[in-house]
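Here is the structure we will look at, set down as structure tokens.
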Amino acid sequence: AAGVIQSPRHLIKEKRETATLKCYPIPRHDTVYWYQQGPGQDPQFLISFYEKMQSDKGSIPDRFSAQQFSDYHSELNMSSLELGDSALYFCASSWGAGTYNEQFFGPGTRLTVL
Amino acid sequence: GENVEQHPSTLSVQEGDSAVIKCTYSDSASNYFPWYKQELGKGPQLIIDIRSNVGEKKDQRIAVTLNKTAKHFSLHITETQPEDSAVYFCAAGGGAGNMLTFGGGTRLMVKP
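Going down the list, the protein sequences come from chains Z and B.
Using this note's numbering, the first residue of the first sequence is number 1125, and each one after it goes up by one.
Using this note's numbering, the first residue of the second sequence is number 25, and each one after it goes up by one.
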């Protein structure tokens, strides 16, 4: 079965650079969620989109922005990168944005900021 | 906002024994409680979930119980196997928006 695809899987950037993470949801899923997981920590919700509109916003820094495109893929844009942005970034997708809609997680993008 | 606490942070059991992981949540409006298993280098995978209108749910060796009054829920794994070794996260959702708030995780080690 098709899963959530994230690219790139690994990314190394310098401080103050920008990064773009991409997420391709499971076919027919219309909702995308972004989470950040620091080393040894639990995933922290950043932002979500339903039918190309932002649906919820969590602890996403102002330096980050995201959008969902017409084909339902999503991109997380990160600017002025800081050392503390080094983390695993997960994208999850679901069919519908209801509370009980199971979120399927992708394999993550490991971002390292030097 | 929602706050989820999870205990213990590490748990070591002998193969065949049972493992119990407990979580508490703060937002009484939360009504969906999934459990995720995360293996090294992979994304979290849903293993079982429970809704607020149910007190217990079982799926083979895995069961989850929910006490809405006390705002806590637990994961029970029976007859543990080495392949159960992973980090387990509880989460709560449905309170404010559809995002999930995760607990801090439990590293389960099953010794053969």
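By construction, the Cβ of each residue, glycine as well, lies at the ideal position given by its N, Cα and C atoms.
Source: prediction; values computed, not measured.
#1: Would you decide whether Z/Met1177 is buried or exposed? Buried here means 16 or more other CB atoms lie within 10 Å of its CB.
#2: Check the C-beta distance from Z/Ser1189 over to Z/Arg1140 and give it rounded, since I have them as a contact under 8 Å.
#3: Going by DSSP, name the residue or residues bridged to Z/Leu1200.
#4: Which residues, in order along the stretch 1223 to 1235 of chain Z, keep a beta-carbon less than 9 Å from a beta-carbon of chain B?
#5: Buried or exposed: Z/Gly1222, going by 16 or more other Cβ atoms within 10 Å of its Cβ?
#6: Run through the DSSP bridge pairs and tell me what Z/Thr1155 is partnered with.
#7: In whole angstroms, what separates the C-alpha of Z/Ile1136 from that of B/Gly128?
#8: How big is the Cα-Cα spacing for B/Tyr49 and Z/Trp1219?
#9: At 7 Å on the CB atoms, spell out the chain Z contacts of B/Leu126, in chain order.
The answer reads as follows:
#1: One-based indexing of the first sequence puts residue 1177 of chain Z at position 53. Classification for Z/Met1177: exposed.
#2: Translated into the one-based positions of the first sequence, residue 1189 of chain Z becomes position 65. Translated into the one-based positions of the first sequence, residue 1140 of chain Z becomes position 16. So it is not a contact: roughly 17 Å between Cβ atoms.
#3: The residue labelled residue 1200 of chain Z in the question sits at position 76 within the first sequence. Note: Z/Leu1200 is bridge-paired with Z/Leu1145, Z/Ala1190 in the DSSP secondary-structure output.
#4: Residues passing the 9 Å Cβ filter: Thr1223, Tyr1224, Asn1225, Glu1226, Gln1227, Phe1228, Phe1229, Gly1230, Pro1231, Gly1232, Arg1234.
#5: Start at 1 with the first residue of the first sequence, and residue 1222 of chain Z comes out as number 98. So Z/Gly1222 counts as exposed.
#6: Residue mapping note: residue 1155 of chain Z aligns to position 31 of the first sequence, counting from 1. Under DSSP, Z/Thr1155 takes part in a beta bridge, and its partners are Z/Tyr1174, Z/Ser1218.
#7: Mapped onto the first sequence, residue 1136 of chain Z falls at position 12. Mapped onto the second sequence, residue 128 of chain B falls at position 104. Between the alpha carbons of Z/Ile1136 and B/Gly128 lies a gap of roughly 26 Å.
#8: Locating residue 49 of chain B in the second sequence gives position 25, counting from the first residue. Locating residue 1219 of chain Z in the first sequence gives position 95, counting from the first residue. Taking the straight line from one Cα to the other gives about 26 Å.
#9: Locating residue 126 of chain B in the second sequence gives position 102, counting from the first residue. At residue 126 of chain B the sequence reads Phe, which differs from the Leu that was named. Going along chain Z in sequence order, the residues near B/Phe126 (Cβ under 7 Å) are Asp1166, Pro1167.
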